[in-house]
Structures are given as structure tokens and as C-alpha cells.
Amino acid sequence: MFTAASLVAAVALVATIVLFLVQLLITSRTSRAAFGLPFLWHSEWNPVTEKFGALPMIVGTLVTGFGALLISTPFALGIAIFLADYAGRKVAEPIKYLIGLLGGLPSVIFGLWGLFVLVPLVGKFEVWFGKLVGSKALVASGTTGVGLLAAILLLAIMILPFSASLILEALLVVPTELKEGALALGATKWDTIQNVELPYVRRSTVGALVLSLGRALGETMAVTMVIGNGMKMPTSLFDPANTLASAIANQFLEATSPIYIGSLIQLALILFVIAIIINVLARIILRRGIQQ
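Take 466 as the starting number for the sequence shown in the working numbering and just add one per residue.
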């Protein structure tokens, strides 16, 4: 009975994913028929003339996701190593609780914090950087602070608890015999971490980071509040931009024509495919990490 119930649940889960994909394909057929594959690399997005291209949103999604991962990874590694090897139980437990609490906060709270705290700081940095390089355009636009850089920094903060927790769990399962053996041979604690622990969990760590990337790519509300929602191809980190998720959230209620709605749903289809690829890649890496 239990085996049958488990089989039904597994089949239902796979069927749900397939139904999502089929529904996105069906509802985006008007856009795919009108634009075809060039939809992926065209940069014009004009609802008035019904000319749509996804490239600015794809670029915005990838830049914010990978940028956030690049910034958050060193901090995630540092937090995980500190909690696993240096902090005592009385220190580690409250910090782990706070990390879990931070990771469970609704994204709109991060968005409000980013809008009222992070964006003004980015604006001041933009003005300073503009004066440093002699760019009047940056100095003028620095009064807003919204754009790719603000979204990247906010996403880095949002995914930090997630990636730090996953890396910490990987470090905690490193066999004690390996660490004690390295210390017995004269290695320092840092030598043990660098040459024993990190190599042992390298694939698990990569898998955790890929999962964090998938979470960053799909974030909607917080990014929408700080990225500026520009529909043109960004040329610098200070430009207003858009992501696939934020473009859908901003414009779906405004879409009236079938081709406009189909184009937005095709954005969702692109994001769905990207998320599937990233999650499959992460699962493969994690499985190899467990088997190493």
C-alpha cells in the first residue's frame, strides 16, 4: 500500500511538471508563431507596435543571478567554515537559528529594505563613482540608485542564508577521522580545512551554490522593487533593467492583446527551462558529491 502511494505521488509530481510545461507551450504559441527563435535574441520590447524580444530580460536575469552568486559565495563559505570549525556550540546555535530565520523572511520584506536602505546607498556610490571617472551621466542618475547593481546586492543578501546553510550541512558530515588524522600528522586547523574538508565537500558545495543560483534567478518581488524595470538592454551595472520574473509580474495585468500575453508567457517558459536546467545540474552534482 505504501509503495503504491509513493509511486502515485512520484508520478503526480512528474505529471505536474509536464503539465506546467505543456500549458506554457500552449499559451505562448501566438508569440512563438509570430517571432520564432529570434524572440530569444531580439532586444526590442514595444507593446504599442507589438514587437517583442526577450534578450534584455534574459541578460538581466543572468547578470543579477550570477552576480549575486559571485558576491555571496565567499561570505557563505566563511560563515559555514566558522560555524563548523571555529564557533563553539553556544555561539553556533544562535547564529544558525538567525540564518534560518533570515532565509525564511518573505521577499517583500527584503524588497522594502532594499528600496529604503540599499538603493540610497547604491545611489551615493553611483554619484561617487561618477565623480571618480568623470561621468556626468552617472552623477545625475545616482539620485535614484535603482538598477542592476542594487538588484545584485539584494539578491546576494537573500541567497546568502540558503547557500551558507547548505555548505554548513556538507561540512558537518565530513568524517571526523579525516580531520583528526590530518591534525595528528601535524597539519594546522586551516591546513585541515583547506586540504581535507573543502576538497571532500567540493561537489556538494558546487551543488549548493547552483541551487542558490536557481533561487536567485526566479526571485520576483524584491528584484522588481529595486531593479528599475527598464525594458532596454543594460549597458552598465548602474542601468535600470529587468528580469524575466519581474517583467512578467509588472506587465501581465496590463497585457491585452493575445500576442502580448503570449510573449509574457513565453518569458515564463524561458525561465522555466532555465530553472529546470539549473536544478537538474545541481542534483547531478549533489549526487556525485554524496557518492565521492
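Ideal Cβ positions, reconstructed from N, Cα and C, are used throughout, including at glycine.
Chain C contact for residue i (CB, 8 Å cutoff)
i: L746; result: In the structure shown, chain C cannot be found, because there is only a single protein chain.
Residue i in three-state terms, based on DSSP
i: W593; result: helix
i: W510; result: strand
i: A706; result: strand
i: K561; result: helix
i: F717; result: coil
Member of the options whose CA lies at the smallest distance from the CA of residue i
i: I739; options: L682, L613, G695; result: L682
i: V584; options: G518, D704, A652; result: D704
i: A545; options: A469, A498, L625; result: L625
i: V513; options: I742, I749, E719; result: E719
i: A733; options: V745, S711, H507, G693; result: S711
i: L633; options: L548, W593, R497; result: L548
i: L614; options: T538, V528, G727, N715; result: V528
i: I741; options: L486, A475, R554; result: L486
i: A610; options: L597, I622, F590; result: A small correction: the amino acid at residue 610 is Gly; Ala does not occupy that position in the sequence shown. Closest by alpha carbon: F590.
i: L709; options: S471, L534, K697; result: K697
i: M623; options: P503, I482, T538; result: T538
i: N617; options: V639, P571, R680, G595; result: Rather than Asn, the amino acid found at residue 617 in this sequence is Ile. Among V639, P571, R680, G595, the Cα nearest to that of I617 is on R680.
i: S722; options: P559, A714, E642, N511; result: N511
i: V639; options: L650, L663, S471; result: L663
Same chain only: Cβ atoms within 6 Å of residue i, ignoring 5 sequence neighbours per side
i: V573; result: M686
i: K654; result: none
i: V587; result: G610, L614, A615
i: T495; result: P723, I724, G727
Whole-number beta carbon distance between residue j and residue i, since they are thought to touch under 8 Å
i: A647; j: V666; result: Not quite, the Cβ-Cβ distance comes to about 15 Å (not below 8 Å), so this is no contact.
i: I724; j: A519; result: Between A519 and I724 the Cβ distance is about 14 Å, and since that is not below 8 Å, they are no contact.
i: L619; j: F575; result: 6 Å
i: G568; j: S669; result: About 18 Å separates the two Cβ atoms, so there is no contact after all.
i: L736; j: F717; result: With a Cβ gap of about 13 Å, L736 and F717 do not count as contacting.
i: L534; j: L678; result: 5 Å
i: T526; j: G727; result: T526 to G727, Cβ: 19 Å. No contact.
i: Q447; j: R554; result: The structure shown does not extend to residue 447, since the chain is modelled only from 466 through 757, so no value can be given for it.
i: A621; j: I536; result: 4 Å
i: A552; j: I564; result: Not a contact, Cβ separation roughly 12 Å.
i: V476; j: P699; result: With 8 Å as the limit, V476 and P699 do not qualify as a contact, their Cβ atoms being about 43 Å apart.
Opening and closing residue of the alpha helix (DSSP H) in which residue i lies
i: K697; result: Neither: K697 is in no alpha helix (DSSP H) and is coded neither H nor E.
i: F504; result: Looking at the DSSP string, F504 is not in any alpha helix (DSSP H), and its letter there is neither H nor E.
i: D656; result: 654-657
i: V639; result: Careful: V639 lies outside any alpha helix (DSSP H) and carries neither H nor E.
i: G525; result: 520-546
i: V688; result: 686-691
i: V573; result: 572-578
i: F485; result: 467-492
i: T670; result: 667-683
Own chain, CB closer than 7 Å to residue i, minus 5 neighbours either side, in chain order
i: E509; result: K516, G518
i: V675; result: I743, L746, A747, I750
i: G579; result: A615, L619, A687, M690, V691
i: M522; result: N707, T708, L709, A712, L732
i: A761; result: Residue numbering for the chain in the displayed model covers 466 to 757; residue 761 lies beyond these limits and cannot be assessed.
i: P542; result: Checking the sequence, you will find Leu at residue 542 rather than Pro. Closer than 7 Å at Cβ, skipping near neighbours: I632.
Chain-order list of residues whose beta-carbon lies under 8 Å from that of residue i (same chain, five-residue window excluded)
i: I658; result: I546, D550
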